[in-house]
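K.L.:
Chains as they are written, first to last, in my numbering: chain A, 1 to 90; chain B, 101 to 190.
1) Which bits of chain A does residue 149 of chain B rub up against, with CB to CB less than 7 angstroms?
2) Check each residue of the region 13-47 of chain A: if its Cβ is closer than 7 angstroms to any Cβ of chain B, include it; give the result in chain order.
3) Report all residues from its chain with a CB closer than 7 angstroms to the CB of residue 12 of chain A; omit the five preceding and five following residues, and keep chain order.
4) Can you tell me whether residue 90 of chain A is buried or exposed? The criterion is at least 16 other CB atoms within 10 Å of its CB, across all chains shown.
5) Can you name the start and end residues of the alpha helix (DSSP H) that residue 28 of chain A belongs to?
6) Just mark residue 148 of chain B as buried or exposed, buried being the case when its beta carbon has 16 or more other beta carbons within 10 Å.
7) Evaluate residue 35 of chain A with the Cβ neighbour count: other Cβ atoms within 10 Å of its Cβ, from every protein chain shown; 16 or more gives buried, anything less gives exposed.
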């Protein structure tokens with residue numbers, strides 16, 4: 001059994017208006033951060049998964065994203081996996 | 101003037117209990133995703149910044165994170181920068 005750290009970024013689909021991002025952009029502009037625009041806000045999830053190999057780990061995390069963590073109708077998700085030793089996952 | 105896309109991950113400090121992460125972990129366990137644990141939930145922010153060079157862009161985004169986007173008392177942030185061409189940032 002191997003252990004993997006999964007780093008998942010979840011972003012609202014490009015076609016969907018990001019109200020939270022627009023609000024942060026206005027806040028930035030009104031505090032003199034005028035060189036920043038196109039702010040979009042998503043979620044970042046880190047988790048540990050125990051699996052036989054990286055392929056199985058990726059499959060488990062992808063299933064979890066589709067079913068629980070992300071909303072596949074409105075959001076896209078991207079998963080990065082990194083193998084960790086037993087000591088690190090504790 | 102160059103254009104950069106900044107990808108920012110904001111995570112709750114390790115010492116702070118992540119109630120949202122625990123809730124998602126319970127939901128995963130009760131839907132048979134038992135090989136996943138240590139779920140921690142943060143934010144992911146994408147934005148475009150216009151600056152003379154990468155160093156200036158990083159400095160602007162770091163300031164924006166410390167002042168507006170993240171809460172430096174409870175959260176850590178990590179910034180990745182990528183130069184984009186004029187066409188891409190539109």
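Glycine included, every Cβ here is placed at the ideal spot set by N, Cα and C.
P.N.:
According to the data block:
1) 35, 36
2) The region 13-47 of chain A vs chain B, Cβ under 7 angstroms: 24, 27, 28, 31, 33, 35, 36, 37, 38, 39, 40, 41, 42, 43, 44, 45, 46, 47.
3) Residues 18, 40, 42, 74, 75 of the same chain have their beta carbon placed closer than 7 angstroms to that of residue 12 of chain A, with the five preceding and five following residues left out of the count.
4) Annotation note: pLDDT 48 at residue 90 of chain A (below 50); position unreliable, coordinate value reported separately. That one is exposed.
5) 19-29
6) By the neighbour-count rule (16 or more Cβ atoms within 10 Å), residue 148 of chain B is buried.
7) buried
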